[in-house]
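Student:
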Amino acid sequence: MKKWCLFLSLLIVALILTACGEPFLSTMKPAGEVAEKQFDLLLLSTGIMVLVVVVVVIIYLIVLIRFRRKRVGEDKIPKQIEGSHKLEFIWTVIPIVLLLILAVPTLLQTFELGNVSGKEKVDKDGNRENLVVNVRANLYWWEFEYPDLGIVTSQDLVVPTDERVYFNLIASDVKHSFWVPAAGGKMDTNTDNENYFYLQFDSEKADEAGNLFYGKCAELCGPSHAYMDFKVKAVPRSEFDEWVKAMQNFEETEPTTAVAQQGKEIFENSCIGCHAVTPDNSTPANARIAPNLADFGNRTTVAGILPYTKENIKKWIQNPGDIKPGNLMYDSENFSDEELDALAEYLMSLKAQN
């Protein structure tokens, strides 16, 4: 009885937890066209499976109760149904019908969701009609390039709501997988070929989530796979256009404090070899070996996982290997506390102004 009580308790807790989920992260709270279609397929397949299980259990219980030995006697032999064409037909046709009910919409949705021809559509002036983003996965960070806009960002992806956004996916080192749980299923990023798909973020669901969704790597890629996160800022088209304008007109402002000026000098003597601080995509992709830090002051996290605070910036600069083991940024334990303060203040001043 103790084991059964424990099992039932765990089952009840599991059932309760299945209802948990945040709108910015949960697949159970779809936030766009793709996620909703995939969620509907999930409900359909689950419903069919539950129906089959319920019918089988009911039949089992009926047989167990109706033909138990105590009721029918020791010598009672139930009516034999071997060779019944009617029953053979029923239990052959029903699985076929259920399979068709599941297979037809699944195949239709698979082909529809795999259709990325929209990313090639252009208007009468030859401009692409839909937003296209090149996603490049690295150990353990994400780069987002807007090829038609001349913009490169890292860790924070900005997209307009209520529009299809097409993604070209590739990896620079090992296989990763691009996944925004609330917006749709994952897609692998490979080193030798590009994958393509699209997502759409619903404006109402984005408002519920505070216009911020969480993205993750969904392919085991190394010791810091669990920390390979990114953020998606889903905003109305007008706000997206303002962001684009600010990034295209980005000019690094001169530090306003002596501490930030000191940080800039330290950065230019040690960090500039890997990190860019302007968001243009003029540098070839294979030369962009570290996250672009333009607009770093407007980020929501540090290294994709830590709350955005000055102390966490200093912690990351000093010992990145402790936070993301296996990442390619070397530890900087030789920086003094004063230099770390200066670097953090300088980085927090890097903002695109509208």
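Going by UniProt numbering, the sequence shown opens with residue 1, and the numbers climb by one from there.
Cβ atoms here follow ideal geometry from the backbone N, Cα and C, with glycine treated the same way.
These numbers come from a predicted model, not from an experiment.
Do you know whose CA, among Y346, G47, V56, I170, lies nearest T256's CA?
Tutor: Ranking Y346, G47, V56, I170 by Cα distance to T256 puts Y346 first.
Student: Below 7 Å, is the gap between the Cβ of D202 and the nearest heavy atom of the ligand COA?
Tutor: Ligands in the displayed structure: none, and consequently the ligand COA is not present.
Student: W91: buried (16+ other C-beta within 10 angstroms of its C-beta) or exposed?
Tutor: Exposed, because fewer than 16 other Cβ atoms sit within 10 Å of the Cβ of W91.
Student: Using CA coordinates, which residue listed in N190, I94, P147 is at the minimum distance from A137?
Tutor: Comparing Cα positions, the closest option is N190.
Student: Give the DSSP bridge partners of N195, in chain order.
Tutor: Its beta-bridge partners are L169.
Student: Just confirm the distance between the C-beta atoms of Q200 and E33, as a whole number of angstroms; I'd bet it's less than 8 Å.
Tutor: Going by Cβ atoms, the distance from Q200 to E33 rounds to 4 Å, so yes, they are a contact pair.
Student: Between the alpha carbons of S177 and V244, how many angstroms are there, rounded?
Tutor: Their backbone Cα atoms lie some 26 Å apart in a straight line.
Student: When the distance is taken between beta carbons, is V277 closer than 8 Å to D341?
Tutor: Result no, Cβ atoms of D341 and V277 do not sit closer than 8 Å.
Student: What residue ranges within the stretch 183–257 form continuous beta strand (DSSP E) runs of no fewer than 3 residues, ordered along the chain?
Tutor: Whole beta strand (DSSP E) segments, 3+ residues: 187–189, 195–200, 212–217, 229–235.
Student: By DSSP's criteria, P307 is part of a beta bridge. Which residues make up the other side?
Tutor: Its beta-bridge partners are T301.
Student: Using 8 Å as the threshold, is the C-beta distance between N286 and T153 below it?
Tutor: Result no, Cβ atoms of N286 and T153 do not sit closer than 8 Å.
Student: Mind checking whether N249 and K233 have CB atoms under 8 Å apart?
Tutor: Not closer than 8 Å, so no.
Student: Quick check for students: name the residue ranges of the alpha helix (DSSP H) that lie wholly in the stretch 76–121, counting only runs of 4 or more.
Tutor: Taking only runs of at least 4 residues, the alpha helix (DSSP H) segments lying wholly in the stretch 76–121 are 85–113.
Student: Mark H225 as exposed unless 16 or more other C-beta atoms lie within 10 angstroms of its C-beta, in which case mark it buried.
Tutor: Buried is the call here.
Student: Return helix, strand or coil for E339, following the three-state DSSP convention.
Tutor: E339 falls in the helix class under three-state DSSP.
Student: When the Cα atoms are used, what is the spatial distance from S26 to Y196?
Tutor: Going from the Cα of S26 to the Cα of Y196 covers about 23 Å.
Student: Since L157 is in the beta strand (DSSP E), which residue starts that stretch and which ends it?
Tutor: Start and end: 156–160.
Student: Per DSSP, A137 forms a beta bridge with which residues?
Tutor: DSSP output for A137 lists W142, A171 as bridge partner(s).
Student: Going by DSSP, what residue range makes up the beta strand (DSSP E) through S177?
Tutor: That run of the beta strand (DSSP E) goes 176–179.
Student: Among V56, V57, K79, whose alpha-carbon lies nearest the alpha-carbon of M67?
Tutor: Looking at the sequence provided, one finds Phe at residue 67 rather than Met. Considering only alpha carbons, the answer is K79.
Student: In or out: S336 buried (at least 16 other Cβ within 10 Å) or exposed?
Tutor: Exposed, since its Cβ has fewer than 16 Cβ neighbours within 10 Å.
Student: How far does the alpha helix (DSSP H) with V63 in it extend, from its first residue to its last?
Tutor: Looking at the DSSP string, the run of the alpha helix (DSSP H) that includes V63 is 33–66.
Student: Could you give the distance in angstroms between the alpha-carbon of Y308 and the alpha-carbon of F7?
Tutor: Cα to Cα, Y308 sits roughly 42 Å from F7.
Student: For a test of the three-state rule: what should DSSP assign to R288, helix, strand or coil?
Tutor: Coil at R288, not helix or strand.
Student: In the DSSP assignment, find the alpha helix (DSSP H) that holds D322 and state where it starts and stops.
Tutor: D322 -> alpha helix (DSSP H) spans 320–323.
Student: Quick check on the burial criterion: 16 or more other C-beta atoms within 10 angstroms. Buried or exposed for P223?
Tutor: Exposed, by the Cβ-count rule.
Student: Ordered along the chain, which non-local residues of its own chain (more than five positions away) have a Cβ less than 6 Å from that of A352?
Tutor: If we look at A352 and ignore the five residues flanking it on each side, its Cβ neighbours are A246, M247, F250, D295.
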